[in-house]
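Our numbering numbers the first residue of the sequence shown as 3 and each following residue consecutively.
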Amino acid sequence: MTKGKVDALLGIVFGDEGKGKVVDYFTPQYDVVARFAGGPNAGHTIIFEGKKFVLRSIPSGIFCEGKINIIGNGCVLAPDLFMAEANELEAAGYDIKSRLHISKRAHLILPTHRVLDRAYESLKGKNKIGTTGKGIGPTYSDKAARTGLRVGDILSNFDEKYAAAKARHEQILNNIGYQYDIAEEEKLWMKGVEYMKTFQLTDSENELNALLAEGKSVLAEGAQGTMLDIDHGTYPMVSSSSTTTGGVCTGLGVAPSKIADVFGIFKAYSTRVGSGPFPVELFDATGDRIREIGHEYGAVTGRNRRCGWLDLVALKYAVEVNGVTQLIMMKSDVLDEFATIKVCTAYRKNGETLTTVPYDLSGCEAVYEELPGWQTDITGITVYSELPATLRSYIDFIERFIGVPVTIVSVGPDRNATIVRE
Ligand code: GDP
Ligand code: IMO
Ligand code: MG
3 MTKGKVDALL GIVFGDEGKG KVVDYFTPQY DVVARFAGGP NAGHTIIFEG KKFVLRSIPS
63 GIFCEGKINI IGNGCVLAPD LFMAEANELE AAGYDIKSRL HISKRAHLIL PTHRVLDRAY
123 ESLKGKNKIG TTGKGIGPTY SDKAARTGLR VGDILSNFDE KYAAAKARHE QILNNIGYQY
183 DIAEEEKLWM KGVEYMKTFQ LTDSENELNA LLAEGKSVLA EGAQGTMLDI DHGTYPMVSS
243 SSTTTGGVCT GLGVAPSKIA DVFGIFKAYS TRVGSGPFPV ELFDATGDRI REIGHEYGAV
303 TGRNRRCGWL DLVALKYAVE VNGVTQLIMM KSDVLDEFAT IKVCTAYRKN GETLTTVPYD
363 LSGCEAVYEE LPGWQTDITG ITVYSELPAT LRSYIDFIER FIGVPVTIVS VGPDRNATIV
423 RE
């Protein structure tokens, strides 16, 4: 944490690395927590004092009293889902209205965006992306096409603007011949719009820059991961936003010179949800075992997450793209029982050995190095030096390969199961 600066915490693989847990853990050190990209496609799990929450659009700093949480201009927001998420937090006793500010420049996900998401997926057939169905792609498409609706639009002449956007979407859906019924969904969505008006809707970029000028510290909370980034991920099997450090600047309206630390978060192994190339994917009993122990089922969709060993080639690429200064390794405990652990240190494609992520990751086969496992239950350990020597060697291997230190190791889902390296 540096006063007057922004630190970023970014998923650097395919998402679900454990961002929510660590943002919640870090929040007491910061004044502001801000989401800069994505929307309800995210599912950030936070577990503490026997309680569990899965946040989608609301930043993971929301549980800490006295902190400002911002949904930044780079995000997309579905009023109905936002209302459900906010109601759950209010019912649990959190005064979120005083803590949460929403950028007027964030874009609105309309019910018809969600229908378009489903329609486009069905048109793609076997080439479908396997989206979360939350309307993310169509909403960001409208943003880029300059036809989107923004949060600030709900404050004046909204019915008119909404009707025009909906009519445009209906025309596309009619052309495709896609059947749908959003009557009930739309009523709830409109209730969500009214509910959103009871929140602080702000020019969040002005607000953030003023707070930084006062010497306040900001933690930017990433969504998704670098390999799902619209530019740097496995395009077209990606999400539609900028999930990287560059996205922090555009998604919050802060200058690159304001960025201090970039925390790159990854799991001790790899997972991916949805379609797309995944060279380290395991189709055997080991993959099934990792899924079972790691509970690798999507927090948003409940889908099986595809599992595999750690991919150091992808990790190194993400570290470069983001300028990662510190690494955070999550779910180390999930590998507790394995006698050997593999790590991918190169790819083989068309007879060539590749040591960087190529333009097209499909057809790449992982080349592994084998390391010994620790075969010890590490879940109760709280001090780095008490971790098994073999686990510390695994971490040394990662650090040597990537050239960036691993400063936090997570050994369980609870807020307290977090080891900060002295
Ligand atoms: P996010 O999207 O990056 O916030 O991550 P998700 O919440 O989608 O997925 C991470 C999952 O792993 C959640 O179910 C967490 O409760 C869980 N988790 C986080 N850290 C650890 C850990 O160190 N060990 C174990 N076993 N589970 C963890
Ligand atoms: P968090 O923030 C994992 C994946 C989807 C799909 C692709 C595109 O919890 O880490 P979209 O609905 O965004 O158009 O889907 O991206 N995806 C995620 N995978 N974690 C996420 O978020 C994801 N958000 C989107 O599964 O493959
Ligand atoms: Mg998630």
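Even for Gly, the Cβ is constructed at its ideal location relative to N, Cα and C.
query, result
"Would you say the segment 273 to 291 touches the segment 120 to 133, given that touching needs at least three Cβ pairs under 8 angstroms?", "yes"
"For L210, which beta-bridge partners are listed by DSSP?", "Paired residue(s): none; L210 is not in a bridge."
"Going by Cα to Cα distance, which pick from L57, L83 and A86 is closest to N71?", "L57"
"Tell me the residue span of the beta strand (DSSP E) that contains A36.", "V34 to R37"
"I'd like to know whether the C-beta atoms of T347 and F285 end up nearer to each other than 8 angstroms.", "no"
"Is it the case that the CB of G139 approaches a heavy atom of the ligand GDP more closely than 7 angstroms?", "no"
"Mind listing, in chain order, the continuous alpha helix (DSSP H) runs of no fewer than 4 residues lying wholly within the segment 218 to 272?", "247 to 254"
"Considering only residues of the same chain and omitting the five flanking positions on each side of H109, which have a CB-CB separation below 6 angstroms?", "V78, T141, K145, G150 and R152"
"How many Å lie between Y96 and Y361 at the Cα?", "45 angstroms"
"Give every residue of the same chain whose Cβ lies closer than 7 angstroms to the Cβ of D335, excluding the five residues on either side of it in the sequence, and list them in chain order.", "I380, T381, V413 and G414"
"Just to confirm my understanding: we take A419, look at its own chain, exclude 5 residues before and 5 after, and list those with CB closer than 6 angstroms. What are they?", "V413"
"Which residues does DSSP list as the beta-bridge partners of E294?", "In the DSSP output, where bridge partners are listed per residue, E294 has none listed."
"Tell me whether H297 is buried or exposed, calling it buried when 16 or more other Cβ atoms sit within 10 Å of its Cβ.", "exposed"
"Helix, strand or coil: which one does DSSP assign to P140?", "helix"
"I'd like to know if the segment 217 to 230 and the segment 30 to 44 are in contact, where contact means that at least 3 CB-CB pairs between them fall below 8 angstroms.", "yes"
"Could you please give the first and the last residue of the uninterrupted alpha helix (DSSP H) stretch that includes R394?", "A391 to I404"
"If you draw a straight line from the C-alpha of V422 to the C-alpha of R308, how long is it?", "29 angstroms"
"I think R417 touches I60, with their Cβ atoms under 8 angstroms apart; what is that distance to the nearest whole Å?", "So it is not a contact: roughly 17 angstroms between Cβ atoms."
"Would DSSP call E51 helix, strand or coil?", "coil"
"If you check the beta carbons only, do G325 and T247 fall under 8 angstroms apart?", "yes"
"For R101, which three-state DSSP category applies?", "helix"
"What residue range is occupied by the uninterrupted beta strand (DSSP E) comprising Q173?", "Taken as a continuous stretch (DSSP letters only), Q173 belongs to no beta strand (DSSP E), being part of the alpha helix (DSSP H) at F160 to I178."
"Roughly how many whole angstroms lie between the Cα atoms of K106 and L213?", "18 angstroms"
"Within the continuous beta strand (DSSP E) that includes M332, where are the two ends?", "Q328 to M332"
"Expressed to the nearest angstrom, what Euclidean distance is found between the alpha-carbon atoms of N75 and A44?", "16 angstroms"
"I think K9 touches A262, with their Cβ atoms under 8 angstroms apart; what is that distance to the nearest whole Å?", "First, the residue type needs correcting, since residue 9 is Asp and not Lys in the sequence shown. Indeed, because the Cβ distance is near 5 angstroms, the residues count as touching under 8 angstroms."
"V44: beta carbon under 7 angstroms from a heavy atom of the ligand MG?", "Looking at the sequence shown, residue 44 is not Val but Ala. Within the cutoff, so yes."
"Tell me the rounded alpha-carbon separation between G63 and A391.", "34 angstroms"
"Can you tell which of M229, A165, G154 and A94 has its C-alpha closest to the C-alpha of K199?", "G154"
"Going by alpha carbons, who is nearest to H234 out of P258, K218 and V321?", "V321"
"Report the residue ranges of all beta strand (DSSP E) runs contained in full by the segment 40 to 91; include only those spanning at least 3 residues, in chain order.", "46 to 50, 53 to 57 and 70 to 73"
"Beta-carbon separation of M332 and G194 under 8 angstroms?", "no"
"Quick check on DSSP: helix, strand or coil for A419?", "coil"
"Just to confirm the assignment, what range does the beta strand (DSSP E) spanning V385 have?", "Segment: none, V385 is in no beta strand (DSSP E) and carries neither H nor E."
"Is the Cβ of M331 closer than 8 angstroms to any Cβ of chain D?", "As a matter of chain content, chain D is missing from the structure shown, which is built from one protein chain."
"Straight-line CA distance for L91 to K168?", "30 angstroms"
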